[in-house]
Every structure is written in structure tokens, then in C-alpha cells.
Amino acid sequence: MKNFEIIHEDNKARIGILKTQYGQIETPIFLAVATRGVGKHYTSMDLIAIDHNSIISNALILNFRPGSQLIEEMGGLHKFMNFNGCIFTDCGGFQASRHFFQGKDNTGLNFLNPYNNQKFKITPKSIMNIQLEIGSDVAMMLDDMAPYGASYDQAKEAMELTHKWGKLSLDFHNKLKIEKNSNQMLFGIVQGNFYEDLRKESAKYISSLNFDGIAIGGVAIGEPKEEMYMAVNSAIVHLPREKPKYIMGLGTPLDILNMIEKGVDVFDSVYPTKVARHNTLFTKDGLIYLNRGKHKNDNNPIEKDCDCIACLNYSRAYINHLSKIEETSALRLKSLHNIRFIKRMIEDAKIAIKEKRFKEFKEEFTKRFEKK
RNA sequence: GUCGAUAUAGUGUAACCUGGUUAGCACAGGAGAUUGUGGCUCUCCUAGUCCGGGUUCAAAUCCCGGUAUCGGCC
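Structure (C-alpha cells):
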């Protein structure tokens, strides 16, 4: 049985159905970030309230606390956090750019558990086991991500280690899935930093393995936009049409639309929630800075036609007030608005794809979003 | 009426006693950043010495007068 089916296409843009162990989910999707089994300032109930059914959590960080075994004992992450939606788990490769990273060798990545300062090593095998214990619907292979500015040799080395770990991750995952009687999917990750030939090589190699889906990793790590698009373009043309494609870490509303146009199906990013906490809110007419004085007496919602919990119930003036007095409820409302904005934007994009006018939709959306 | 204290961006204050960088800081105001999340974070900009005179090479700072505010006493 195929676990991904493309049901509509408009040039490269498409609508698909991802068939996971939790259930079926229509792509393109945006995964709200719930690294530690909860969003920052929002819970699974909040996501349900804005009709958001897909998240990404982090296997490494969940394993630090409360531990993947405990989550398994509690019936898996869906039950533990009471989220009846699609859950991806990231492997922890990205956390190699964090300060608790302690270096790598050919067999895995070393970390310091920030909660108890114990050394903790993850390997392709151990992180597969952790993700199966957590019980996510989609697991990610262990990858090695070179930082922005890495030399060619450094990028090549990271890519080659990623390829090696990809094969190992896949083999272990297949074995463990049978042992645990799981239908968890596993996605591969393309690396190659910002070198066109490495991106191509990595895309071809990862595509040759039998992953359920393919992610492009190692972008949006501080590089200029042009380099990001170059890296993605170099890889994506070598990925098979029929597999779900995931760009890790994107993004902004316009980045998401641009990537949908290239055939990307899955997104995740802290961008919408991080900027929301810092008072940058998405509207169809562009970004607004909600903490500015002009909104102090604005009785309108953040966005007129938005159906999120913030816009249905509160004015810009009120949320500006909550922000000014540093009430944490403001962080929740603002985060939920931006998540909902992305979801609604993607829903509109899907309608456009069905009607074969995605390009026009994107251009109109971009024009309005960028106008000042 | 009288004696005293105080007067610095929109607001609150620092520098005054002991004259000497570009008058500092916070909030407010404006423009931005933020992309597989240990942090309601970070960057830049706007804006000020009550008024008048004096001393001095040099005054927010010392002196005199005015005005305003606050307080004490009649």
C-alpha cells in the first residue's frame, strides 16, 4: 500500500495524502513546533481550537526529559500530550548547532543532557529506537548538518556521514518496526550545505534509499535567501515526484508558498511562533508589529477575516495591552494567530492548486503581502 | 505673606556637592531583524538641561533675578 498519494497537481505544486499510522493527512502541511511535547505557550488543546492537526516534536530533547521510555509507558506521545493529530519527530541532528552539543564521531553525535549534565550520545540506531518509543507518525533519520560557512571539505564530510547514517537509520528502523509492530514512517534528509554539486549528489543518494519521504535539511541556518534557494533548487530537481518532500525549518509565509510551487509537501518552522512572541503578526497585508503605539487604540482584530482564537475574541488594542503588561496570555494568542494564518494560507493555496491557478494565487498573495 | 527645597527628551531619572568626553539610563514613540525553538530576544532611529543675566578659556553644574511646582511657618 502506498503511503503517499498525489491527488491534485498544478505544475510542480501538488496536493497529496500522507497515510500515517494516526490517520490520513492532506499535504501541503505546516507542522507546528512542539519540541518538548508542547508548543511554547500553547497546548494541544489550543491547536485543536484553531483546527491544526500536525506538529513536530524533538526526539533528542524529549529523551532528555521526560525520557522516551516514560512516554512509551504513558501510551506514546499522542496520548501523553493528548494530541490526536499527525506527529513528526526530529532526530536531534539540528541540535548539533546548540551549545549542549559535545562533538561527533563517525558513529554518532555527543550531547550534554542540559537537565543533569550527563553525557548522552545518539547514534542512527538509538535515535530510531527513541522515536519508536515516542511513537511519532513520522521519524527522521539521524543527519549531520554542517553549519553555514562550512568549507567544501567540511560540507562533504557531513554529507557523507549523513548518507552513511541514513542507510543505517533505515536498516535499523525496518528491523525495529517489525519488532515493535509499528507503522511509523521514516524520512531521509538531504544535506550538502550550500554547494550545488553536493546538494545534487545528496539528493540522488537519499532518493536511492527506500525512505517514506525525503527532507531537505541544513537550510535557513543563517545564509542569505539566494543561497537558501540555490541549495533547495539544487536538490529538489533530483528528488522523485512520488515521494513526500519536506523542507526542514521553513518558514516565512512567502518561503512556504515559493516552496509549494517547487513541489514541497511538508514544512515546519519556529518562525511563526518566534516572531509572534516578539510581536510580529502575519496579515494578508504583510507583517504588523503589534506592540507599536498605533495599535494601542485599534479596536479591530489582528486580521478582519481570521477565525483564530485571538481574532475571534480580542482586539489589537487588547492584545497590545496584554503585551505591554507582559501577560503570557498575549504570547499564546499571538502564536496561535500566526500558526492559524499559515494554515489558512495553505488552505487557500490548495484551492488554487485544485483550480490550476497556483502561480496566479502566489503572485497575488505575494504582491499584497509585500505592499506597504 | 514669608522661609526653604526642587526645576534635565513625552514620562521617570543620572551627571550638580568637587565646572571639563558627544548630557547617560529606563519606559513611551518610530523603523527593522527573527526560518528542523533551552530564554516575552536583539539592532537602529527620534527626542532634553524652565526663562533672563552674570562669573569663567569652559556652565546642566557656581552666582543673581524671574517664573513654576512642592513643603514648612504666619
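If you count by our numbering, then the first sequence holds residues 47 to 418, one letter each, in order. We put the CB at the ideal spot given by N, CA and C, even for glycine.
For Y251, the enclosing alpha helix (DSSP H) has its first and last residue at 242-254. Shown here, F129 sits in coil according to DSSP, grouped into three states, outside any helix or strand. A contact between stretches requires three or more CB pairs, one per stretch, nearer than 8 Å, and the stretch 114-121 fails this requirement with the stretch 324-342. Per DSSP, the unbroken alpha helix (DSSP H) holding D199 starts and ends at 198-226. By the Cβ rule, the stretch 154-171 does not count as touching the stretch 258-277, because fewer than three pairs are nearer than 8 Å. Per DSSP, reduced to three states, the secondary structure at G69 is coil, with no helix or strand assignment. By the C-beta density criterion, I397 is exposed, having fewer than 16 other C-beta atoms within 10 angstroms. In this structure, the CA atom of G212 is about 20 Å from the CA atom of I102. With contacts defined by Cβ atoms closer than 8 Å, A59 and I306 form a contacting pair. Judged by DSSP in its simplified three-state form, R386 adopts helix. With a 10 Å radius around the Cβ and a threshold of 16 neighbouring Cβ atoms, P286 comes out exposed. For N156, the secondary structure class from DSSP, reduced to helix, strand or coil, is strand. By the criterion of a C-beta distance shorter than 6 Å, Q141 is surrounded in its chain by L106, once the five residues flanking it on both sides are discounted.
The three-state reading of DSSP puts E393 in helix, counting H, G and I together. According to the DSSP assignment, V321 belongs to the alpha helix (DSSP H) that extends over 317-323. The Cβ atoms of A363 and H341 sit closer than 8 Å to each other. Distance from the CA atom of K223 to the CA atom of H367, rounded to whole angstroms, is 51 Å. Here L77 is bridged, per DSSP, to D314. In the pairwise beta carbon analysis, the stretch 296-305 is classified as touching the stretch 315-324: at least three pairs are separated by under 8 Å.
If you check the CB distance, I61 and I399 come in under 8 Å. Apart from the 5 residues on each side of it in sequence, H54 sits with its Cβ closer than 7 Å to the Cβ of R60, I61, I399, K400 in its chain, given in chain order.
For a cut-off of 8 Å, the C-beta gap from L244 to T412 is around 30 Å, too long to register as a contact.
Here Q230 carries a coil assignment [DSSP, helix/strand/coil]. A direct Cα-to-Cα measurement between F157 and D151 gives close to 12 Å.
Assigned with DSSP and collapsed to three states, N104 falls in strand.
For Q148, the uninterrupted beta strand (DSSP E) run begins and ends at 147-151, by DSSP. The residues L303, E307, in chain order, have a CB closer than 7 Å to that of K408 in the same chain once the five nearest residues on each side in sequence are set aside.
With fewer than 16 other beta carbons inside 10 angstroms of its own, E288 counts as exposed. In this structure, I282 sits near I262, with a CB-CB distance shorter than 8 Å. Separation of E416 and I388 (C-alpha to C-alpha, rounded to the nearest whole angstrom) is 16 Å. The beta carbon of N343 sits closer than 7 Å to the beta carbons of A363 from its chain, once the five residues preceding and following it are set aside; these are given in chain order.
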